[in-house]
Amino acid sequence: MSDIIVESYGAVRLLRLNRPDKKNALTVAMYEALADALAAAETEGTVRAVAILGSGGTFCAGNDLKDFLANPPRPGDANAPVLRFLKALARATLPIVVGAEDVAVGIGFTLMLHCDAVLVSPDCRISAPFVDLALVPEAATTRLLPARIGHVRASELYMLGERIDGTRLVELGLANRTVDAGRLEEETLAMAARFAEKAPGAIRATKRLMRGDPAAIEAIIHEEIGYFLERLASPESREVMTAFLEKRPPDFSKIAG
Ligand code: COA
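This is how it looks when you write it as structure tokens:
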């Protein structure tokens, strides 16, 4: 079965992350499938809202770290699958609703900042450990996050890698409400259906006005990816990721600098 499952519920298109044994960590192939699915939802004409969910009782542990080491995006490749997915989110005209439980890490968190409604389980473990991986955040969220919650609260999440739970995500104004994990799927689809019932042109125009110029968001995505790829190629970043996969603490003692 595919790692991304696409389902239709009336006018709602559901994109389900389906790699639960790896906490739905995203691979290059999954970004490609997500970008294609978003493009199809945008162009088919019958879809009115998109929902994103995980599977197996978990949402998303971020980019697959093994894939980061084996298949990093090539510098200058504007069509790298992760960039295609991020730009599809930034340019989405359909409303997007996400439901997250258990873990929302890295891009599993940053994608929420591109969604129009966020439901989260109260105990969901949410973090953006980019700096702890010797990386920088992505998805234009170096600007979107401080704009939403202020610089000092954003720096706790982004510079200190602080982990928060779903209840705190709601307090920060980054999620609509908490929903117990057992009801998350049903309520996420119901929320998406509410968007889908509205006048579609008015919804698209309102989303465009609320989010501003997608080209400006895309420009930040490109700015960030330059730093990101430089950091990803660094020995310290590779050591942190290798250490995670080898289930040991990172050892920086042999790294020059
Ligand atoms: N990339 C690759 N594999 C991952 C992964 C990731 N981002 N996140 C989890 N996994 C794998 C684990 O290696 C483990 O695989 P194994 O069963 O073959 O050993 C499996 O998924 C389950 O993860 P586990 O760590 O046992 O679950 P947990 O509930 O104890 O912890 C997390 C969940 C998300 C907190 C923890 O897995 C983690 O920190 N993952 C890395 C997150 C990350 O740094 N993402 C990149 C952000 S840019």
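First residue of the sequence shown? That's 1 in our numbering, and the numbers climb one at a time after it. Ideal Cβ placement from N, Cα and C applies to all residues, glycine included.
Query                                                                                                         : Result
Sub-8 angstroms separation of Gly161 and Ala128 beta-carbons                                                  : yes
Residue nearest to Arg148 in terms of C-alpha spacing, selected from Arg48, Val170, Arg163, Gly166            : Val170
Environment of Met1 [buried if 16+ CB atoms lie within 10 Å]                                                  : exposed
Classification of Asn63 by the beta-carbon crowding that lies within 10 angstroms, buried from 16 upward      : buried
Bridge partners - Gly99, DSSP secondary structure assignment                                                  : Leu53, Leu119
Where the beta strand (DSSP E) through Val6 begins and ends                                                   : 4-9
Every unbroken beta strand (DSSP E) within the segment 124-203, with a cutoff of 3 residues, ordered by chain : 125-127
Val28 (DSSP reduced to helix, strand or coil)                                                                 : helix
The ligand COA heavy atom lying under 7 angstroms from the CB of Asp165                                       : no
Arg74 classed as buried or exposed, judged by whether at least 16 other C-beta atoms fall within 10 angstroms : exposed
Cβ-heavy atom distance, Asp64 to the ligand COA, below 7 angstroms                                            : yes
Residue from Ser237, Gly166, Lys207, Leu144 whose Cα sits closest to the Cα of Val105                         : Gly166
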